[in-house]
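Notes follow once the structure below has been shown.
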Amino acid sequence: PQQSSGNISSFLPPDANCKNDYSDVKLDALSSALAAVESGGDYGAVGVFTCDKEGNCGRALGDKQFMSYRPDVRAIISSKPGGVDFLKDLDSGKAISKEQVLQYFNPDEQRQLFNDDSQRLIDIASAQLDPMTGQPFSGDRLIERIAQMHFGGVAVPIDSNATDASGQTVQTYGDSVSNNYRQLVTEMGCS
11 PQQSSGNISS
21 FLPPDANCKN
31 DYSDVKLDAL
41 SSALAAVESG
51 GDYGAVGVFT
61 CDKEGNCGRA
71 LGDKQFMSYR
81 PDVRAIISSK
91 PGGVDFLKDL
101 DSGKAISKEQ
111 VLQYFNPDEQ
121 RQLFNDDSQR
131 LIDIASAQLD
141 PMTGQPFSGD
151 RLIERIAQMH
161 FGGVAVPIDS
171 NATDASGQTV
181 QTYGDSVSNN
191 YRQLVTEMGC
201 S
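If you number the sequence shown the way this note's numbering does, the last residue is 201 and the count never jumps.
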């Protein structure tokens, strides 16, 4: 993952809307905050080939760097002509181009998957207790926890120091996304 630049507002889509929210989380701001950290907002971004502890191997794809071994990502890709072969290339570690990502996992599909996935993560995080307060996650800590789960999966320990291939920890990732989110909500004029 990349770190965001100083001009975080450049990651907002032109139609960013404070009313696009779920459980008081501004989804356009969250989307842009994650994309700024993950890919610099590049829908064609391709991550390094990696395998998780369960033996799932693949690459992070798109502006939110969704892993190619996720069932929802695989369903989108395999539904297209040539998609099954593209998945085989992803699974084997073969080099993948930006153009292929955009062909098999286009920006509209990435946005829809993000909206669905973020609502699920918001529900899960909102039901968890924040060890710092003993209360359900809310505010900045809710955004941090949602980001942590996007980064490490829903079972990732809260505020974990586990790292990815680039050395980023779960906790610092959540902090970065939360800081970006706060700036974007302010710049969007959301209350």
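Note that beta-carbon positions come from the ideal geometry of N, C-alpha and C, so glycine has one too.
Contact check between the region 75–86 and the region 171–191: fewer than three CB pairs, one atom from each, fall below 8 Å, which does not count as touching. Setting aside the 5 residues that flank it on each side, Ser-136 is surrounded in the same chain by Ser-33, Pro-146, Phe-147, Ser-148, Leu-152, each with a C-beta closer than 8 Å to its C-beta; the list follows chain order.
Of the candidates Thr-182, Ala-165, Val-111, Val-111 places its Cα closest to the Cα of Gly-68. Scanning Glu-64, Asn-30, Asn-17 for the CA closest to the CA of Gly-50 turns up Asn-17. At the C-beta level, Phe-124 and Ile-87 stay beyond 8 Å of one another.
Under DSSP, the beta-bridge partners assigned to Phe-76 are Leu-71. If the five residues before and after Asp-31 are omitted, its C-beta is found closer than 7 Å to the C-beta atoms of Leu-37, all from its own chain and listed in chain order. If you check the CB distance, Val-164 and Leu-44 do not come in under 8 Å. By the CB criterion at 8 Å, Asn-171 and Gln-158 fall outside the cutoff. Beta bridge pairing from DSSP links Lys-90 with no other residue. A check of alpha carbon separations from Val-166 across Phe-21, Glu-48, Lys-63 identifies Lys-63 as the nearest.
Going by DSSP, Pro-117 is part of the alpha helix (DSSP H) stretching over 117–137. The three-state secondary structure of Pro-146, taken from DSSP, is strand. Beta-bridge partners of Lys-98 (DSSP): none assigned. Only buried fits Gln-120, as 16 or more other CB atoms lie within 10 angstroms of its CB.
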